[in-house]
């Protein structure tokens, strides 16, 4: 969850800036970038799984005839890469909505005052889109925490890659332990609520601080 969301945030911000500043072909650029997000998650998981397998794939970064799903670290690499490729466009779309609210006049004034591109981004753009960033990170954190289909398709929880959702599935469906499976589901629900509350409090605090500064 931490690795995938962090990578998606950085890449999503870069993609959002490209889509926001595109001078020509803005429509086709946005459409092309959003294509991975429109693909069904199960299809994307199978595609990345077959791409890395020695018998069917064409990606051999782990070495010739080496199955990346035979070790925990390599399995997590493929899972995270799949999630990043699939959901970074969603992150970029939310961040693009935040960038659209940044006044161009404010950036132009900072440019006239001698602020370079990095200063304008970190001191003007980023503070103004902080609510959008927190909302995007919240949605993706909840999705990544409850991820099921990608891990189930690629490893089925093998090599210690079992997520909380797969744990609940195995206990409830495979082992037919309704009591323990229900307990796991309730704990997942409570964890999701706690994550949401923490992010909402952070969003409210940042927004209030931003209004106070203004």
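Residue numbers (our numbering): 19 to 232.
Glycine residues also receive a C-beta, built at the ideal position from the N, C-alpha and C atoms.
C-alpha distance - residue 170 paired with residue 117, whole-angstrom precision: Residue 170 sits at position 152 when you count from the first residue of the chain shown. Residue 117 sits at position 99 when you count from the first residue of the chain shown. Rounded to whole angstroms, residue 170 to residue 117 spans 35 Å at the Cα level.
Whole-angstrom distance between residue 177 and residue 36, CA atom to CA atom: On the chain shown, position 18 is the one that residue 36 refers to. On the chain shown, position 159 is the one that residue 177 refers to. The straight-line gap from Cα to Cα measures roughly 38 Å.
Does the beta-carbon distance from residue 120 to residue 25 come in below 9 Å? For this step, residue 120 is matched to residue 102 along the chain shown. For this step, residue 25 is matched to residue 7 along the chain shown. The answer is no: Cβ separation not under 9 Å.
Out of 192, 180, 27, which has the shortest C-alpha to C-alpha gap to residue 105? As a first step, residue 105 must be located in the chain shown, where it is residue number 87. That would be 27, whose Cα lies nearest to the Cα of residue 105.
Given that a residue counts as buried once 16 or more other Cβ atoms are within 10 Å of its Cβ, and exposed if not, what is residue 74? Position 56 of the chain shown holds residue 74. Label assigned to residue 74: exposed.
Alpha-carbon to alpha-carbon, residue 197 and residue 38: As a working note, residue 38 is residue 20 in the chain shown. As a working note, residue 197 is residue 179 in the chain shown. Between the alpha carbons of residue 38 and residue 197 lies a distance of about 50 Å.
Contiguous alpha helix (DSSP H) assignments of at least 4 residues, all confined to the segment 177-211: Within the segment 177-211, the complete alpha helix (DSSP H) runs of at least 4 residues are 182-187.
As assigned by DSSP and simplified to three states, the class of residue 148: On the chain shown, position 130 is the one that residue 148 refers to. Secondary structure at residue 148: helix, using DSSP grouped into helix, strand and coil.
Go through its chain and collect everything with a Cβ distance to residue 58's Cβ below 8 Å, but skip five positions before and after it. One-based indexing of the chain shown puts residue 58 at position 40. Result list for residue 58: empty, nothing under 8 Å.
Return the CA-CA distance between residue 61 and residue 190, expressed in angstroms with no decimal places. Residue mapping note: residue 61 aligns to position 43 of the chain shown, counting from 1. Residue mapping note: residue 190 aligns to position 172 of the chain shown, counting from 1. Rounded to whole angstroms, residue 61 to residue 190 spans 25 Å at the Cα level.
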